[in-house]
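Here the structure comes first, spelled out in structure tokens, and everything after it is commentary.
Number of protein chains: 2
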Amino acid sequence: MTEPEPIASAPMVGLAAVILAATLDEPRVLTVPVAGQGAGRAEGLPAGPLEPAHPTLERGLRAWVERQTGQSLGYVEQLYTFGDRNRRPGGEDGGRHALSVAYLALVREARPAADSAWQSWYRYFPYEDWRAGRPPSLDALAARLEAWAAAAASPEEGRRRLDRIGLTFGAAGSGWNEERVLERYELLFEAGLVPEAGAPDALAGQAMAFDHRRMLATALGRLRGKIKYRPVVFELMPPAFTLGQLQRVVEALSGVLLHKQNFRRLVAQQGLVEETEAVTAETGGRPARLMRFRREVLLERPAPGLRLPSGRAG
Amino acid sequence: MTEPEPIASAPMVGLAAVILAATLDEPRVLTVPVAGQGAGRAEGLPAGPLEPAHPTLERGLRAWVERQTGQSLGYVEQLYTFGDRNRRPGGEDGGRHALSVAYLALVREARPAADSAWQSWYRYFPYEDWRAGRPPSLDALAARLEAWAAAAASPEEGRRRLDRIGLTFGAAGSGWNEERVLERYELLFEAGLVPEAGAPDALAGQAMAFDHRRMLATALGRLRGKIKYRPVVFELMPPAFTLGQLQRVVEALSGVLLHKQNFRRLVAQQGLVEETEAVTAETGGRPARLMRFRREVLLERPAPGLRLPSGRAG
DNA sequence: CCGGGATATGCTCAAAATGAGCATTTACCC
DNA sequence: GGGTAAATGCTCATTTTGAGCATATCCCGG
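Right under this line is the structure:
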């Protein structure tokens, strides 16, 4: 495991993992402490350089994650290769490229290991959680964004900024699109409202090391989109679960509340689950039947996901 | 542009572009000749190594494409980073990793430049074109696939193979999913039915250099999915076009025919286009009104695409 | 033992979106 | 002037959504 002598122009390739889980109705991401980088330690994603011993990128990623967190991964998909910006410490030209191939992993269990910790992902994106209604911090953020638009060099640029704000954050309360996590983060970044870009407070969420928060935003957007057309939520569920638990996990991921009866109708008629014998005691209320994921749907035609209706409450 | 001395373990990072266009109702991909690699020259995608002078990955890609083909790119999105398999000539361990960051580009004009050439992409995937009904080569391919399934080491493995065949190629005529281009290619690859994997003929399509056909398959699948939820087709259209032309391009991309009246209703009610003054002479038939893409939809709420109905004909 | 609180489940209904056709218009060609 | 080829306009039966109302069952406190 000796590091070879770097040469000036060979790119450095890193692997990074956004590992997501959902426990107790809260969506989580697995973080590790990152040394230094300014004051003390920051939170970061499990990551490490691609090594010659790694047979493939994905195997290398799994190795790094197990080494750093003890977590073994099930569902893994490639997310994006970062390297386009904010990754060139050496200036505008010359220097080495630093790429990072990021992966999205979904896991069921949340056993904390070593230094790693599970954090609610709304710690990093508080304004993405609309389950309790419009997040209060959005008003302050919107005000700062508008100030940023007003401070544009030209009126046209200001108008473009306003358009983007409306597009990503929803114009006039209508039209919040939960999938645009990355676009919102990038807008906040450009506007200098995130700590990584110099904001004095964490109104726009807790910072992460390097560009890891951008990776997390990419992962959330991707997952929020994907649950609608692929049955990936079940990667986060235990073997048996109630429809209520399933709904609360979907709501936790997407950040919006759903109409209960319609949600269960959707799940039922898609044939995504089947009943088991058992029921749960749960908290108060009538006991719910435990369901299990019908793996066969993966072999059936389009293998649908869970379209999110727009309903606000149950 | 001198190549630095490679060191044993530093990964090599390449950039590759899948550049797509649609002219005359035929979907095209821009190819360049690739020297050697066995007998004579093969077709490949524009590609080149990431260089220190490249400010970003995407800018590097654009530079390579312009240098090799003279084509300048408009819409560009990152596709996938390949490196997981069939890219390690040096054996199972040791040696350098060779990654390739592939991009998808959509262009309007198709001016052929230098050695590059536009090819119909169904040259590489003939079985993906269902516009004239079920492609005849599919019968022969299906027979070979079934033979491959029958030749599995165990009955369970054979059943798994049959499941995959049904899932990707559609079971019993029903359920062809035009988006599963990559899964179909990978299945054919595993079954040894493509030239790259040793097939004696080109029944499953023309080969490309390296793993470029895998990249192309990835791009087609991505594009076929994306036109359904983002208005990306218009990147391929001229400034003014008729609804008939638009439909024929969508059909060319997706490989299936659509119900004409429903298609135009969809486009109209989504507000994706607006009328211009002009009409066309066209071929026979009543002249059609020329339309233009309403760029404003990109600023409106969800910015929808063109859902493909299942209808078979017009 | 009874009523209230909290869910889980079952069903209904109107509105909107889909899938398939039928019928008309308006060119060009012979 | 009739025939052919699209482009357009409309209709209609089904499905799919979005929203509620009503019941069924548990636990708990009194």
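Residue numbers (the UniProt record's numbering), protein chains in the order written: chain A, 1 to 314; chain B, 1 to 314. All C-beta atoms in this analysis are idealised placements derived from N, C-alpha and C, irrespective of residue type, glycine included.
Run of the beta strand (DSSP E) containing residue i, from where it starts to where it stops
i	result
GLY14/A	12-23
PRO27/B	26-34
TYR80/A	75-82
TYR185/B	From DSSP, TYR185/B is part of no beta strand (DSSP E) but of the alpha helix (DSSP H) over 181-190.
PHE125/B	No beta strand (DSSP E) contains PHE125/B, which DSSP labels as neither H nor E.
PHE234/A	Neither: PHE234/A is in no beta strand (DSSP E) and is coded neither H nor E.
THR276/A	273-279
SER100/A	98-106
PRO287/B	Unbroken run through PRO287/B: none, as it is neither H nor E.
For residue j and residue i, believed in contact at Cβ under 8 Å, the rounded distance
i	j	result
VAL181/A	ARG111/A	No, VAL181/A and ARG111/A are not in contact; Cβ-Cβ is about 27 Å, not under 8 Å.
GLY44/B	VAL34/B	4 Å
GLN78/B	THR81/A	6 Å
ALA278/A	LEU290/A	5 Å
GLN247/A	PHE234/A	Contact doesn't hold; Cβ gap of about 13 Å is too wide.
GLU178/B	SER116/B	The Cβ separation is near 27 Å, so there is no contact.
LEU50/B	LEU15/B	6 Å
ALA191/B	TRP148/B	4 Å
Contact under 9 Å by Cβ, residue i with residue j
i	j	result
VAL32/B	LEU20/B	no
ASP25/B	GLU296/B	no
LEU57/B	VAL101/B	yes
VAL76/A	ARG62/A	yes
PRO46/A	VAL65/A	yes
LEU145/A	LEU203/A	no
ALA219/B	LEU104/B	yes
ARG131/B	VAL256/B	yes
PHE189/B	ARG214/B	yes
PRO239/A	ARG294/A	no
GLY158/B	ALA150/B	yes
PRO231/A	LEU258/A	no
ALA22/A	VAL249/A	yes
GLN71/A	TYR124/A	no
PRO27/B	SER120/B	yes
HIS97/A	HIS54/B	yes
ALA152/A	ARG164/A	no
Per-residue contacts from residue i into chain B (C-beta, under 7 Å)
i	result
TYR127/A	Within chain B, no residue comes near TYR127/A; the closest Cβ sits about 18 Å away, beyond 7 Å.
LEU104/A	Simply none; closest approach about 13 Å.
LEU272/A	The premise fails here: LEU272/A is roughly 16 Å from chain B at the closest Cβ pair, so nothing lies under 7 Å.
Start-to-end residues for the alpha helix (DSSP H) that takes in residue i
i	result
residue 381/B	Summary: the structure shown does not reach residue 381/B, with chain B confined to residues 1 through 314, and so no result is reported for it.
VAL249/A	243-254
ARG222/A	212-226
LEU61/A	57-69
TRP148/B	137-150
PHE263/A	260-269
Local Cβ density within 10 Å of residue i, reported as buried at 16 or more and exposed below that
i	result
LEU193/B	buried
ALA10/B	buried
ALA17/A	buried
ASP211/B	buried
LEU141/A	buried
GLU92/A	Per-residue confidence for GLU92/A stands at a pLDDT of 49, beneath the threshold of 50, marking its modelled position as unreliable; the derived number appears in the next sentence. When all chains shown are included, GLU92/A counts as exposed.
residue 319/A	Summary: the structure shown does not reach residue 319/A, with chain A confined to residues 1 through 314, and so no result is reported for it.
GLN261/B	exposed
ASP129/A	buried
PRO126/B	buried
VAL13/A	buried
THR283/B	exposed
GLN269/B	exposed
LEU298/B	exposed
GLU109/A	exposed
GLY175/A	exposed
GLY221/B	buried
GLU196/A	buried
THR168/B	buried
ALA114/B	exposed
Cross-chain neighbours of residue i in chain A, by beta carbon under 7 Å
i	result
PRO136/B	Going along chain A, no residue has its Cβ under 7 Å from PRO136/B, so there is no contact; the nearest lies around 24 Å.
LEU50/B	PRO11 and HIS97
VAL101/B	THR81
Partner residues on chain A for residue i, Cβ-Cβ distance less than 8 Å
i	result
TYR80/B	GLN78
Under 9 Å from the C-beta of residue i: neighbouring residues of chain A
i	result
LEU182/B	The contacting residues do not exist; LEU182/B stays about 13 Å from chain A at best.
LEU141/B	Neighbours of LEU141/B on chain A: none; closest Cβ ~20 Å, over 9 Å.
Contact list for residue i against chain B, beta-carbon separation under 9 Å
i	result
LEU145/A	Near LEU145/A there are no residues of chain B at all, since even the closest Cβ is about 16 Å away, more than 9 Å.
LEU187/A	Residues of chain B passing the Cβ test: none, with the nearest at roughly 14 Å.
Residue i CB to nearest heavy atom of the ligand COA below 8 Å
i	result
ARG180/B	Of the ligands one can find in the structure shown there are none, so the ligand COA has no counterpart to examine.
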